[in-house]
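In my numbering, the protein residues as written are 13 to 291.
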C-alpha cells in the first residue's frame with residue numbers, strides 16, 4: 013500500500029524548489045544528453061509563456077536546476093523527472109548545458125514526483141491532471157486516498173478527475189483546448205449525447221449551470237420497434253405445451269421459457285422433465 017508522497021520525495025521536492033539545503037550539488041549536464049520522460053504528465057506548453065522563458069534563460073540562464081535520473085540501462089544519458097519546460101527553453105535559447113540534480117529514482121517515484129510538482133505548480137490542464145492521477149492509480153496501484161494525500165487534494169477531487177477520462181475524446185479535446193471548463197465536463201459525465209451537447213455548449217457559450225440544466229432535460233427515448241407478428245405455428249405449439257404442463261409457455265428465437273408461480277409448480281416441471289420424456 014502506498015502512502016502519499018514519501019518522506020524522501022518530500023525532501024527532494026524541497027531541494028528542487030530551493031527551500032532546503034542540497035544533499036548533493038547540481039551538475040552541469042549536456043542538453044543533448046537529456047531525454048524527456050515518456051510518461052510526462054504535461055503534454056501541452058503555452059507558446060507565449062515558453063517564449064518568455066526562452067528570453068529569460070537567454071539573459072540569465074537556468075536559475076532552478078532540473079531533476080534528472082540516469083537512463084536504464086546506464087548509457088550516459090539522463091531522463092527528465094522535473095523541468096522539461098526549462099530544458100526545452102534552454103535548447104531554444106542555444107544553451108549547451110543546464111544545471112541538474114541527478115538522483116536514482118524508481119519508476120513510481122519519478123512518476124509521483126513529476127505529477128506532484130506539476131499539480132502544485134498548477135501546470136496541468138484538467139485532462140492532463142486526470143491522466144496523471146489515473147497513471148498513479150492503474151500503473152502504480154496507488155489508491156485514490158494515497159494520491160490525494162500526495163498531491164494535497166481531497167479524495168473526491170481525485171476520484172472526480174479520474175472519472176473525466178470516461179468522456180468521449182471530442183469532449184476531452186475541448187477541455188484540453190480550453191473550450192470547456194472542468195465543470196462543464198463533469199456535468200456531461202454519463203450523458204449518452206455528451207459530445208453533441210458539448211458542441212452546443214461551446215457554440216452557445218453556455219455556463220456550467222446551463223449545461224447541467226440541459227443534461228437534466230435528457231434526450232427523448234428512441235421509439236421501440238413494433239413487435240413482429242406472432243407465427244401461428246409457434247403460438248399453437250405454445251398453447252399445446254402450456255396445456256400439457258399446466259404452465260404458461262413462451263417460445264422465441266430458439267428459447268423455450270416455462271413460467272411457474274411457486275415451488276410446487278417448479279417441482280412438477282422437474283418431475284415431468286426427469287421422467288420418460290412424456291408429459
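No residue lacks a Cβ here, since even glycine has one placed at the ideal position from N, Cα and C.
Contacting residues, own chain, Cβ-Cβ under 8 Å from residue i (five flanking each side not counted)
i, result
"residue 83", "47, 89, 90, 91"
"residue 218", "196, 212, 226"
"residue 57", "97, 100"
"residue 109", "40, 41, 42, 43"
"residue 62", "97, 100, 101, 104"
"residue 38", "77, 111, 112, 113"
"residue 192", "183, 186, 210, 213, 214"
Cβ neighbours of residue i in the same chain (closer than 7 Å, five flanking residues each side left out)
i, result
"residue 44", "none"
Residue i versus residue j - alpha carbon distance
i, j, result
"residue 160", "residue 175", "15 Å"
"residue 69", "residue 201", "42 Å"
"residue 171", "residue 252", "57 Å"
"residue 114", "residue 73", "19 Å"
"residue 221", "residue 228", "11 Å"
"residue 245", "residue 178", "48 Å"
"residue 283", "residue 264", "24 Å"
"residue 216", "residue 206", "15 Å"
"residue 270", "residue 204", "36 Å"
"residue 293", "residue 78", "This structure cannot speak to residue 293, because the chain is shown only from 13 to 291."
"residue 147", "residue 95", "19 Å"
"residue 231", "residue 182", "In this prediction, residue 231 has a pLDDT of 45, which is less than 50 and means its spatial position is unreliable; nothing more can be read from the coordinates."
Reduced DSSP secondary structure (H/G/I, E/B, other) of residue i
i, result
"residue 74", "coil"
"residue 281", "helix"
"residue 259", "coil"
"residue 45", "helix"
"residue 271", "strand"
"residue 264", "strand"
"residue 172", "helix"
"residue 137", "coil"
Member of the options whose CA lies at the smallest distance from the CA of residue i
i, options, result
"residue 165", "182, 65, 142, 150", "142"
"residue 71", "106, 144, 87", "106"
"residue 187", "151, 150, 140", "140"
- Item | Any beta strand (DSSP E) of 3 or more consecutive residues that is wholly inside the region 62-128 | 78-82, 90-94, 109-114
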